[in-house]
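Numbering of the sequence shown is given in the UniProt record's numbering, commencing with residue 1 and proceeding in unit increments.
The structure appears right after this line, and notes come after that.
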Amino acid sequence: MKYIILLVDDDDDEFDLFMEALHGTNLQCDCIFSKNAEKALHLLYYTIPDFIFIDYNMPKINGLKFITEIKKLRPPRDVPIILYSSAITDSLAKNAMALGAFLCIKKPYEINTLTKILLNILTKSRAFNFHFTTRINPGN
């Protein structure tokens, strides 16, 4: 099974770290990177990822607003959204979950930790059938 992951983060270095950790899972994954939420929302008209990782501290549209906007889309409103940020607090996590986030993860400092987190999310998604393989017809 190959996963398509959308990472939305305004930090280019974060993409490199994320890719290194993803590579460490030994799972087949394609990662699409967007430096801002506006472009990510546009991408979602053409690509339906299996998971979306979004940073909270983004220019113009922050992570919470992104969750709100994505839930308005036909597909991929049901794609698991993971708020992935160094700014995660209990209050922020509670708000994100109320808006429809699947998980909230504080960015770890070590790649090995991120690798374990990603492996856990991706492999557990198989067990709980969170991996969406069907596409919803836009007319429905």
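By construction, the Cβ of each residue, glycine as well, lies at the ideal position given by its N, Cα and C atoms.
N-terminal and C-terminal residue of the alpha helix (DSSP H) that ASP90 is part of = Within the sequence shown, residue 90 is the residue found at index 90, counting from 1. 90-99 is the extent of the alpha helix (DSSP H) around ASP90.
query = Do the CB positions of ALA101 and ILE121 come within less than 8 Å of each other?
reply = Working through the sequence shown from its first residue, we reach residue 101 at position 101. Working through the sequence shown from its first residue, we reach residue 121 at position 121. Going by C-beta atoms, ALA101 is not nearer than 8 Å to ILE121.
ask   = When DSSP builds the beta bridges, which residues end up paired with LYS2?
value = Counted from its first residue, the sequence shown places residue 2 at position 2. Answer is GLN28.
ask   = If we call anything under 8 Å between Cβ atoms a contact, is LEU99 one with THR68?
value = Counting from 1 along the sequence shown, the entry for residue 99 is found at position 99. Counting from 1 along the sequence shown, the entry for residue 68 is found at position 68. LEU99 is a Cβ neighbour of THR68, given a cutoff of 8 Å.
ask   = From ASP10, TYR109 and LEU114, pick the residue whose C-alpha is nearest to that of MET58; which is it?
value = Taking the first residue of the sequence shown as position 1, residue 58 is located at position 58. Residue ASP10 is the option with its Cα nearest to MET58.
ask   = When the Cα atoms are used, what is the spatial distance from HIS23 to ASP30?
value = Your numbering for residue 23 matches position 23 in the sequence shown. Your numbering for residue 30 matches position 30 in the sequence shown. Roughly 10 Å between the two C-alpha positions.
task = Determine the burial state of THR25: buried for a count of at least 16 other Cβ atoms within 10 Å of its Cβ, exposed for fewer.
result = Taking the sequence shown and counting its residues from 1, one reaches residue 25 at position 25. Classification of THR25: buried, given that the 10 Å Cβ count is 16 or more.
task = May I ask you to report which of helix, strand or coil DSSP gives ARG135?
result = Walking along the sequence shown from the start, residue 135 turns up at place 135. Model confidence at ARG135 stands at a pLDDT of 30, short of 50, so the residue's coordinates are unreliable and nothing is read from them.
inquiry  = Measuring alpha carbon to alpha carbon, tell me which residue in LYS94, ALA93 and GLU20 is nearest LEU114.
reply    = As a working note, residue 114 is residue 114 in the sequence shown. That would be GLU20, whose Cα lies nearest to the Cα of LEU114.
key: Beta-bridge pairing of TYR46 - partner residues as DSSP gives them   = The residue given as residue 46 occupies position 46 in the sequence shown. DSSP, once it has assigned bridges, lists no residue as partnering TYR46.
Alpha-carbon spacing of LYS94 relative to ILE54, whole angstroms = Taking the sequence shown and counting its residues from 1, the one referred to as residue 94 is at position 94. Taking the sequence shown and counting its residues from 1, the one referred to as residue 54 is at position 54. In a straight line, the C-alpha of LYS94 is about 16 Å away from that of ILE54.
request  = Let me know the secondary structure DSSP gives LYS124 once reduced to three states.
outcome  = Here residue 124 refers to the residue found at position 124 of the sequence shown. Residue state, collapsed to three classes: helix.
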